[in-house]
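First the structure, in the form of structure tokens, and then the observations on it.
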Amino acid sequence: MNVTVVGAGIYGLCTAVQLLARGHRVEVFDRSSIPNPLASSYDYHRLIRHAYGPQVGYSQLIPGALQAWERLWELLGESFYIETGALALGPKHDPWISQSRKTLARLRVETEDWSVERAKERLPWLRVGDQEELLYCKSGGVLRSGLILEALGQYLRSKGVVLRENINITSVSKGHITDRAGKQYSSDHVVCALGAGHGYLFPGEIRAFRQVYALYDAVSGTASIEQGCPMILDIGDNAGFYYVPGSNLFPAKVGDHISRLEGHPYEARTIHPEEIASLKGVIETRLHGNFGSLIGSNGTSQANDSHPTRFGLCFYESTKDHIIQLQSGKGGTQIFGGSGHGFKFGALFGETVAEYLAGNRSFQSAQEIVQGKGMP
Ligand SMILES: Cc1cc2nc3c(=O)[nH]c(=O)nc-3n(C[C@H](O)[C@H](O)[C@H](O)COP(=O)(O)OP(=O)(O)OC[C@H]3O[C@@H](n4cnc5c(N)ncnc54)[C@H](O)[C@@H]3O)c2cc1C
């Protein structure tokens with residue numbers, strides 16, 4: 164079968180690699196260069212974690228997702244994963260944490276309850292309230308997302324796959340795509356994996372939201388991966404804070420996972436002062452001033468503040484209930500949505516979509532996996 168993949172983010176590229184592995188001919192299109200630095204998938208890091216609060220189905224998929232990444236590293240000849248472990252924290256009896264604890268126990272994923280004192284000793288720059296609880300899981304970590312996209316692109320090129328860059332697709336109908344200039348390309352099947360661009364081709368189903376985040380260059384000491392700092396998450400009902408530990412390979416990142424404003428993902432990006440002010444407010448609730456002493460010479464922070472070195476802006480696609488969607492119809496097969504947690508499933512869902520298209524898995528089974536309702 165000849166398959167056209169539109170969108171060279173993590174879903175499009177993983178699907179292309181897996182179709183190729185199953186003997187299909189693939190061509191990949193993107194509106195930008197491949198990879199697109201403005202894609203949701205393109206960054207220093209994306210996180211993979213077991214704790215998923217009430218989204219039990221996605222928690223169940225994590226062991227399979229980690230195995231799928233291992234299979235991909237084997238194919239690419241290099242691993243782009245760094246295990247850091249994950250520390251979830253929030254108010255005592257926070258349903259997000261208690262649900263995660265229950266689910267992980269059922270899945271036999273090892274966890275530890277940390278005392279507030281232990282957290283303060285290990286991570287003295289982290290603000291932890293005396294009435295908070297902490298759940299640590301040693302599995303989980305950082306996927307080096309930008310490098311993964313580059314490696315996938317190189318792999319496909321090395322296998323003779325044509326990657327068509329800077330072609331903005333404006334319509335899709337079974338087996339045919341049309342670009343902005345009206346040129347049509349035909350194949351047996353089209354897969355669209357458009358990320359935050361999905362709603363422009365398939366209006367009404369999805370919206371692109373801005374995510375401002377803070378970066379800290381040259382972080383060292385107990386806030387670094389080298390000294391065993393885990394990713395830190397406070398993402399219960401009333402909160403939004405995550406910390407990606409820095410390393411000598413990449414900066415640390417703080418985000419709040421709160422979707423504030425819509426926007427166009429591929430237009431010039433300006434971060435508004437109110438977005439920075441709001442994120443700084445979140446940072447101050449979790450990072451002590453002494454965090455500044457862990458930022459090296461590249462950072463702008465002084466010893467007694469927790470101000471970031473710089474800010475970034477990225478878009479993700481927001482869907483109802485944060486569920487990732489797989490659809491099949493007039494526009495071929497589409498995978499989209501999820502509200503900012505989909506990268507970790509890139510390798511697994513690439514396999515899932517390819518298995519469905521190759522006739523080795525029913526559409527319903529593939530859809531259940533993508534929606535977090537079924538096991539691979
Ligand atoms: C700040 C931030 C933090 C995040 N953190 C995490 C995390 O820690 N863990 C996690 O699992 N997930 C995380 N996510 C979510 C994750 O990044 C996304 O779910 C995932 O990358 C989406 O991949 P994709 O392939 O669907 O989309 P994308 O990576 O956006 O790729 C879509 C591609 O389609 C192309 N395209 C779009 N429209 C067209 C068109 N009309 N014609 C041709 N090409 C087109 C684009 O140029 C782009 O290259 C985060 C997202 C953001 C923004």
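Just so you know, we're using this note's numbering here: the sequence shown kicks off at 164 and counts up by one. The C-beta atom is built at its ideal place from N, Cα and C for all residues, glycine as well.
Distances from the CA of residue 319 to each of 198, 245, 468 and 404 were compared; the closest alpha carbon is that of 198. Taking the Cα positions, residue 302 is about 15 Å away from residue 408. The beta carbon of residue 300 sits no closer than 7 Å to any heavy atom of ligand 1.
Taking 3 residues as the shortest admissible run, the region 289–353 contains the following complete beta strand (DSSP E) segments, listed from N- to C-terminal end: 295–300, 304–306, 325–327, 332–336, 339–342 and 347–349.
Distance from residue 482 to residue 369 at the Cβ level is roughly 6 Å; contact confirmed, criterion being Cβ atoms closer than 8 Å.
Contact annotation, residue 299 with residue 274: C-beta distance approximately 6 Å; criterion of less than 8 Å satisfied. With respect to the 8 Å criterion, residue 392 and residue 247 are classified as neighbours on the basis of their beta carbons. Under the three-state reduction of DSSP output, residue 374 falls in the strand class. Between residue 425 and residue 375, the C-beta gap is not smaller than 8 Å, which leaves the two residues out of contact. The DSSP assignment places complete beta strand (DSSP E) segments of no fewer than 3 residues inside the region 394–438 at 394–397, 404–407 and 415–418, in order along the chain. Looking at the DSSP output, residue 188 shares a beta bridge with 165. One thing to note: residue 205 has its Cβ within 8 Å of the Cβ of residue 312.
Take residue 521, set aside five residues on each side of it, and the residues of its chain with a beta-carbon closer than 6 Å to its own are 185, in chain order. Beta-bridge partners of residue 382 (DSSP): 458. For residue 474, the secondary structure class from DSSP, reduced to helix, strand or coil, is strand. Minimum Cα-Cα distance from residue 384 among the listed residues 441, 286 and 477 corresponds to 286. CA-CA distance, residue 253 to residue 289, rounds to 13 Å.
Exclusion of the five residues before and after residue 537 leaves 528 and 531 as the residues of its chain whose Cβ lies within less than 7 Å of its Cβ. Nearest to residue 443 by alpha-carbon distance, out of 472, 459 and 432, is 472.
Every unbroken stretch of the beta strand (DSSP E) spanning 3 or more residues and falling wholly within the region 221–282 is given here in chain order: 244–246, 249–254 and 274–277. Considering only 167, 346, 171 and 239, the residue with the shortest C-alpha distance to residue 359 is 171. Straight across, the Cα-Cα distance linking residue 278 with residue 259 is about 18 Å. Exclusion of the five residues before and after residue 188 leaves 165 as the residues of its chain whose Cβ lies within less than 6 Å of its Cβ. The beta carbons of residue 415 and residue 371 sit about 26 Å from each other, so the pair does not count as a contact at 8 Å. Straight through space, the alpha carbons of residue 479 and residue 487 are spaced by roughly 12 Å.
Within the DSSP bridge table, the entry for residue 482 names no partner. Exclusion of the five residues before and after residue 220 leaves 535 and 536 as the residues of its chain whose Cβ lies within less than 6 Å of its Cβ.
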